[in-house]
Every structure is written in structure tokens, then in C-alpha cells.
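Numbering (the working numbering), first residue to last: 110 to 504.
Quick reminder that beta carbons are idealized off the backbone N, C-alpha and C, glycines included.
The structure appears right after this line, and notes come after that.
If you want it as C-alpha cells, here you go:
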């Protein structure tokens, strides 16, 4: 029979430890929030992380993948190597919250809660350092740069962060869920993210004499409308996908047909077959417009990150651990067409991403919003949850 006394002692210890750490973590979070840094610029943030790991006596490496930091906790006996990852970068958004600790840098803001993620993992580091003798295995505490550009994970992987890692655990705050709740998705939970640049080159001329020119704006308009048929007419209805043209640059004034138009777009898919079909279709549409409308179409299509797929080998023990720690508060969610470069870890080892409720009472916040204000109560709860999952995975 299980030792219920020890289980209950573990639950209480994690809860008490997380609560005791909360004031200090919130203070660090507010400092990081006031000094946001964009992708691969996280010098100050990574310095704070390294200093905290040093204070805790946790060996660590800096400069991993540019501005990343990795700490290491050795368990008391052999076992698997678990990576727990948090992202650190901010967004190019001007903060409008009016908070006392609002961003002091114009045009930069922690509008996705990566400041929350950073200090949550610092809390996990403190808890698991004290419990290291109970761990069977090793923990890599991965503080990652440049998630928002979908480039930081691969940069760290190239610097060896995944060498010897057997399992990976990620997490993200969820403002659409109340603080105190947790969420998971089985299978594919976040979409692959691809992007493309399409240069449509025509022949410039006077607006009064269009027959003497080749109009790239008309060709671009045709491409934009035809691109929407990729989802509606080429992909299976049960394979979600989104094709978005996010920017169109072309022309200078009323009466000149320009030489070129530059379209920038993104493609999100959950299934590999849909990803392949969407790319092939967009390339074919560009070629067809080039032939039919006498323009030159130059497509630069880049696959950024694959779908993030939660593996039951990590997900099921995590669900059991959280249920034991918190009771019946887990929410089984639906996949999102958002993307996360934690998928670069998840394609290499069994992994899962945990959703941590961060919605403040009476608010309806959204990520990537200039007024985003997550409830800081999610910090100790995240520390408690992630520490418990790690303990159970390495027991």
C-alpha cells in the first residue's frame, strides 16, 4: 500500500515552500517586467537568472543559444534526465497597463507573461534543489531566449541543451482560465508555424495607361483571395489550418502603378499532411498568377516550428501528480492554432506543456495585448505544480 503519510507530507511541503517563495519571486518578476528585453537581447534577464541560480548553489551555464541559461540539479540516484523549460523574451508592444512596475522601455512589454515563466522556474529550482536527494535522475532548468521569434529553442539545441535529455516539461500561463486551475491537451496542442514572403514583380507605369504596365497590385489581390481557398477547398475539414496575409507593401501614390508588391503571410497547421498540402498549394497559386497575369512571383516559404504534441508518457504521470496535489481542478482543453517553439524539444523526446491559469478575477485579459495583467497568484501555484510533476517523473 502507498505511504499516505509521506504523500500528504510531500503535498504540504510543496505548497508551503511555494507560498514562502512567492513574495521574493513576485519582486523579481516585477523587476524583469519593468525592464523587458526582446529576442536574443535578454542580457539583463539572463544575468538575474544566473545570479539566482548561483545564490541557490545550482551549477549553471550561461550564453547557451545566445542569451540562454541552463541550471543543473543532480538527483540522489540514477534515473532519467528531465528538462524543464521557461522562456524569457518580451514583445515589441508599448505597455498601457499603468502599473507601478510597468515597462520602463518604450515599445517593449512582457505581454505574454514570460516574466511570470522565468520566475516560476526559478521557484521550481529552489524547491527541487532542496529535494534533490529524493530525485532519481537529473534536472536541466532551461531558461530560453527568443521564443516569440520561434528561434530560441533551436539555438539552444545547437548549443547542446538537449544532449542526454530523456523527457521535457514546458508550461505557459493561460489568462482565459482562472488562477488556481491547470489545463492540458492530449496529442497535438499547438500548431506548426510557417511563414512566407511573396514578391510580385510587374512593370510600373502611369495609372492612366494601365495597358502599358503590368499591375502587381491586381495580381497580389488575386493571390490574397485565392490563398483563402487553400483551407476551404484543399484541406480536409477535420485538419485545422489558418492562412493569413499579415502585410501587403506596394505602391507610393494615387496615379502610379508600382513595380512590385511584397506580401507577408503565415500558415498554421496541426497535421503534417495539412502542412505539406498548404505549402504546395500556395506555391502553385503563386506560379499560376505569374503565368496568368504576366508578373514574376518569387516565393520564400520557411517552415519555422512543427506542431507541439503532448506525449502520454509524460502527460499521464503529470495528470496523476496534479490530481493528487490539487484535486479535481484540471481542465482538458482544445488545441490552439497558436505556436510555441517548445515543440523543438518535444520532437526530440517525450514532452508535454502544462497550461497554468493566470486570469485575474473580474478581468478578461489576452496574451500579446498592451493591457495584459496576469494574476501573480499563478506563480506559486506554477512552482508547486511543476515541482510535483518533476518529483513524480523522477521518483
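Exercise for the section: Could you give the DSSP three-state label for residue 364: helix, strand or coil? Expected result: coil
Problem - Limits of the unbroken alpha helix (DSSP H) element including residue 226 - result: Residues 223-239.
Exercise for the section: Under 8 Å Cβ to Cβ from residue 114, same chain only, skipping five residues before and after it: list those, please. Expected result: Legend: pLDDT at residue 114 = 44, less than 50; position of this residue unreliable, no value from coordinates given.
Problem - Short Cβ contact (8 Å threshold) for residue 286 with residue 292 - result: Yes. Within cutoff.
Exercise for the section: Please confirm if the stretch 255-262 is in contact with the stretch 447-465, defined as three or more CB-CB distances below 8 Å between the two stretches. Expected result: yes
Problem - Boundaries (first-last residue) of the alpha helix (DSSP H) holding residue 423 - result: 421-435
Practice task
Tell me, to the nearest whole angstrom, how far the beta carbon of residue 144 is from that of residue 228; I am working on the premise that it is less than 8 Å.
Solution key: With a Cβ gap of about 13 Å, residue 144 and residue 228 do not count as contacting.
Practice task
Flag this pair as touching only if the stretch 177-186 and the stretch 156-166 have three or more C-beta atom pairs under 8 Å; answer yes or no.
Solution key: In short, these stretches touch, since the Cβ pair count reaches three.
Exercise for the section: Pick helix, strand or coil for residue 371, following the three-state DSSP scheme. Expected result: strand
Handout entry: Secondary structure of residue 213, DSSP reduced to three states
Key = Correct three-state label for residue 213: coil.
Handout entry: Residues near residue 354 by beta carbon distance below 7 Å, same chain, minus five either side
Key = The residues are 333, 336, 372 and 374.
Exercise for the section: Could you check the C-alpha separation between residue 398 and residue 364 for me, to the nearest Å? Expected result: CA-CA distance, residue 398 to residue 364, rounds to 24 Å.
Handout entry: Terminal residues of the beta strand (DSSP E) in which residue 357 lies
Key = 350-359
Handout entry: Boundaries (first-last residue) of the alpha helix (DSSP H) holding residue 311
Key = No alpha helix (DSSP H) contains residue 311, which DSSP labels as neither H nor E.
Practice task
Please list, in chain order, all residues of the same chain as residue 132 whose beta carbon is under 8 Å from its beta carbon, the five residues on each side excluded.
Solution key: none
Exercise for the section: Give every residue of the same chain whose Cβ lies closer than 6 Å to the Cβ of residue 411, excluding the five residues on either side of it in the sequence, and list them in chain order. Expected result: 304
Practice task
Kindly confirm or deny that the stretch 292-301 and the stretch 460-471 touch, where touching means at least three C-beta pairs closer than 8 Å.
Solution key: Touching, yes.
Exercise for the section: Report the three-state DSSP secondary structure of residue 298 (helix, strand or coil). Expected result: strand
Exercise for the section: Kindly indicate which residue of 189, 378 and 328 has the alpha-carbon position closest to the one of residue 347. Expected result: 378
Handout entry: Residues near residue 234 in its chain [Cβ-Cβ closer than 8 Å; skip 5 each side]
Key = Result list for residue 234: 161, 162, 165, 167, 180, 182 and 250, in chain order.
Practice task
Count the other C-beta atoms from every protein chain shown that fall within 10 angstroms of the C-beta of residue 223, then say buried if there are 16 or more, exposed otherwise.
Solution key: Burial state of residue 223 is buried, judged by a 10 Å Cβ sphere holding 16 or more other Cβ atoms.
Handout entry: Chain-order list of residues whose beta-carbon lies under 6 Å from that of residue 232 (same chain, five-residue window excluded)
Key = 130, 134 and 492
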